[in-house]
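For what it's worth, the working numbering labels the leading residue of the sequence shown as 8, then goes sequentially. Using N, Cα and C, we set each Cβ at its ideal position, and we do this for glycine too.
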Amino acid sequence: ATTPRSSRARRALALTSANALRALDERGVVAQYANLPAYAVGDRTARLAQEMGFAHVQSASGAFGDLVGLLAHAGLKGPIFYPAGREQSGDLAKSLAPFGVMVITAQVYAMNAATELPEQIVGELEDGSIDAALFYSRRTAQTFATLCEDRLSPLTRLELGMLCMSEAVAEPLLDAHFVRVGLADHPSEEAMMALALSFARDQNAS
Numbered sequence: 008a009t010t011p012r013s014s015r016a017r018r019a020l021a022l023t024s025a026n027a028l029r030a031l032d033e034r035g036v037v038a039q040y041a042n043l044p045a046y047a048v049g050d051r052t053a054r055l056a057q058e059m060g061f062a063h064v065q066s067a068s069g070a071f072g073d074l075v076g077l078l079a080h081a082g083l084k085g086p087i088f089y090p091a092g093r094e095q096s097g098d099l100a101k102s103l104a105p106f107g108v109m110v111i112t113a114q115v116y117a118m119n120a121a122t123e124l125p126e127q128i129v130g131e132l133e134d135g136s137i138d139a140a141l142f143y144s145r146r147t148a149q150t151f152a153t154l155c156e157d158r159l160s161p162l163t164r165l166e167l168g169m170l171c172m173s174e175a176v177a178e179p180l181l182d183a184h185f186v187r188v189g190l191a192d193h194p195s196e197e198a199m200m201a202l203a204l205s206f207a208r209d210q211n212a213s
């Protein structure tokens, strides 16, 4: 991960993950950026930014494409600083280039995928103690599907609820033959919670 440089010349901050905020905090540089307008991909990241002292925060309340749209029409007069992960779901600089918006990207954190499922988790998935799992990113879904490849029975794949933020997130799970896949109405935290509550009601009614 790289260390962000001075905030001078930056006119705004783009946030696609709460992990970026935590990485800035670990480096002790949050104060350098707290006065910049912050544009977050979702409400959860926006709330964390506010809690960390950012005074001007807007949420796209959705997914990567929603954030691109928000930034493209924000009328920013200068480069956007984008503290990103090593693996990115989209290319923000490339997406905003057609709108004449410059992006300065710094890789500030890395997500290390798990290499195996703990035996306890496998057992709870198999015996029905865990009814459902929530997936906010395609990478997490792909990792889970890979780790479950030879660990879960066809019956578990049939009955386990896989609650996903979008079709793109759900695809690796469908490819891995999980059947009970639910999609949020909108790629937001609120829609995911509504999906989880709906699933819980269906479970209790059955």
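*Extent of the continuous alpha helix (DSSP H) to which V75 belongs*: Boundaries of the alpha helix (DSSP H) around V75: 71–79.
*DSSP state of A175 mapped onto helix, strand, coil*: helix
*Express the C-alpha separation of V129 and L159 in angstroms, rounding to a whole number.*
7 angstroms
_With distance defined between alpha-carbon atoms, name the residue in G85, K84, I111, A104 nearest to A91._
I111
*How many angstroms separate the CA atom of R18 from the CA atom of L124?*
43 angstroms
_Rounding to the nearest angstrom, what Cα-Cα distance links A207 and D32 in this structure?_
36 angstroms
_Simplified DSSP assignment, three categories, for A198_ = helix
*What's the C-alpha gap between H193 and K84?*
30 angstroms
*Are three or more beta carbon pairs between the segment 95–108 and the segment 54–62 nearer than 8 angstroms?*
no
_Checking the sheet assignment: what are the DSSP bridge partners for M169?_
Partner(s): A140, V188.
_For E156 and R187, believed in contact at Cβ under 8 angstroms, the rounded distance_ = So it is not a contact: roughly 18 angstroms between Cβ atoms.
_Endpoints, the alpha helix (DSSP H) within which A152 is located_ = 145–154
_Range of the contiguous alpha helix (DSSP H) that encloses A38_ = DSSP places A38 in the uninterrupted alpha helix (DSSP H) bounded by 37–40.
*Quick check: the segment 39–47 against the segment 128–147, are there 3 or more CB pairs under 8 angstroms?*
no
*asked:* Can you look up T23 in the DSSP assignment and give me helix, strand or coil?
replied: coil
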